[in-house]
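> For what it's worth, this note's numbering labels the leading residue of the sequence shown as 367, then goes sequentially.
Have a look at this one.
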Amino acid sequence: MNQSKKEEIISNINSLLKDFNRTLGHSDIEIDIKKEIIKAYISINDPENVKDQYKEIPEALSTLNNFLMKIAVSKKYHFSPEQDKIIHEYGNAYSESYADSLGAVFNAMAFFHP
Numbered sequence: 367m368n369q370s371k372k373e374e375i376i377s378n379i380n381s382l383l384k385d386f387n388r389t390l391g392h393s394d395i396e397i398d399i400k401k402e403i404i405k406a407y408i409s410i411n412d413p414e415n416v417k418d419q420y421k422e423i424p425e426a427l428s429t430l431n432n433f434l435m436k437i438a439v440s441k442k443y444h445f446s447p448e449q450d451k452i453i454h455e456y457g458n459a460y461s462e463s464y465a466d467s468l469g470a471v472f473n474a475m476a477f478f479h480p
């Protein structure tokens, strides 16, 4: 995947994380969610180059999603439809690019297979 596509994905995920953060209020649990969003954002954007930022995305989003699942399952917080949509979108933003990369690998394997 080329650098401009990675930059686009990083920018899209950053935008979605900011949107998610804006949907939250000021209750204790919402502040905890905001902290986790900020951790994910920092984790993704801390590396200096785009390649390393892109590599951080899966772990940062996985950590955030694990936290969100815990609070949802424990019924500490109920996500709004808008928040559900944002969570789904940032997950798809990365997974679609990852799937494209895997597709290229599988196609290459099929091409070279006798």
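Positions of the beta carbon are idealized from the N, C-alpha and C atoms, including for glycine.
1. Would you report the Cα separation of L468 and M367, rounded to the nearest angstrom?
2. Which of the three DSSP states, helix, strand or coil, is assigned to D412?
3. Within 10 Å of its beta-carbon, does I404 have 16 or more other beta-carbons around it, so buried, or fewer, so exposed?
4. Drop a sphere of 10 angstroms on the beta-carbon of Q534, count the other beta-carbons inside from all chains shown, and report buried for 16 or more, exposed for fewer.
5. Note the first and the last residue of the continuous alpha helix (DSSP H) segment covering S381.
6. Here's the rule: buried if 16 or more other CB atoms are within 10 angstroms of the residue's CB, otherwise exposed. What is I410?
Based on what the coordinates show:
1. In this prediction, L468 scores a pLDDT of 40, lower than 50, which makes its location untrustworthy; the coordinate-derived value is nonetheless stated afterwards. Using only the alpha carbons, I get a separation of about 11 Å.
2. coil
3. exposed
4. Lying outside 367 to 480, the shown extent of the chain, residue 534 is not represented and no answer is given.
5. Q369 to R388
6. buried
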